[in-house]
Amino acid sequence: MAQDTDTTPPALKAAFEATDLNVLPLDKAVLLGTFVRGDGSAALVRTASGDIRKLARGDHLGYAVVTAIETGALHLAQGGMARKLTMPPIQPGTPARVRPHARPEDKTE
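If you count by full-length UniProt numbering, then the sequence shown holds residues 1 to 109, one letter each, in order.
Next comes the structure, spelled out in structure tokens:
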């Protein structure tokens, strides 16, 4: 009977399995989420350098100024031009990921 000789640590296997490639562009800012509240909204943005920043109205993203935050969108102004960042679309049929802390069902054989 052959034995399983895979010596890859389980945590490393999980990290590889939980990583989707080419999902978000790496060369520009990407809106990851928005938090819209009456007392002040915020947005999470991954910058082109890979940093994750929490932004509010009046904050700067590069040379642009955050002018508004709404559900799923961040409005910016730079040099008299306006632009809007939106969250990346979810592809139809994309399977839901199992949460890292979720426990798999016990399988008895």
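From the three backbone atoms N, C-alpha and C, an ideal C-beta is built for every residue, glycine too. Being a predicted model, the structure only gives us computed values, none of them experimental.
Query	Result
Could you work out which residue in D6, T7, T34, T8 is closest to H75 when comparing CA atoms only?	T34
Beta carbon of L31, beta carbon of G72: below 9 Å?	yes
Would L55 and A42 be called neighbours here (beta carbons separated by less than 9 Å)?	yes
Using 9 Å as the threshold, is the C-beta distance between G58 and Q78 below it?	no
Does the distance from the CB of A64 to the CB of R46 come in under 9 Å?	no
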